[in-house]
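Before any comments, here is the structure.
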Amino acid sequence: PSKINLGQTSSEVRQIMGRDPEQRSVKEEGGQAIEEWQYLTNYKASIVSVITFKNSKVSSVQTRRR
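Next comes the structure, spelled out in structure tokens:
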């Protein structure tokens, strides 16, 4: 996800990642939709990259162990 930048759209992220996320969730917060996509980016080490969208644009990118 080093190519994922703040402000990118979901279609740009999908194109960069080359696939749909393994897990996807949507919630509403303060009247706006918050969408979270999770990609398993390192199977051996169980590293998950979490990409959060606000107003359909990337607002954060995090990496964590599953």
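Each position in the sequence shown, counted from 1, maps to that position plus 3 in this note's numbering.
Ideal Cβ placement from N, Cα and C applies to all residues, glycine included.
- Message: My output table needs one value for Gln11: the three-state DSSP class, helix, strand or coil.
- Response: As a position in the sequence shown, residue 11 is number 8, starting the count at 1. Gln11 falls in the coil class under three-state DSSP.
- Task: In the DSSP assignment, find the unbroken beta strand (DSSP E) run with Lys60 in it and report its ends.
- Result: One-based indexing of the sequence shown puts residue 60 at position 57. Counting along the chain, the beta strand (DSSP E) containing Lys60 begins and ends at Lys60 to Arg68.
- Item | Neighbourhood of Lys30 by C-beta distance below 7 Å, restricted to the same chain and skipping five residues each side | The count along the sequence shown starts at 1 and reaches residue 30 at position 27. Once the five neighbours on either side are set aside, the close Cβ partners of Lys30 are Ile37.
- Outcome for Ser49 when other beta-carbon atoms lying within 10 angstroms are tallied against a minimum of 16: Here residue 49 refers to the residue found at position 46 of the sequence shown. With fewer than 16 other Cβ atoms from the protein chains shown falling within 10 Å of its own Cβ, Ser49 counts as exposed.
- Rounded to whole angstroms, how far is the Cβ of Pro24 from the Cβ of Gln41, which I believe are closer than 8 Å? Reading the sequence shown from its first residue, position 21 is the one you call residue 24. Reading the sequence shown from its first residue, position 38 is the one you call residue 41. The pair is a contact, with the Cβ atoms about 6 Å apart (cut-off 8 Å).
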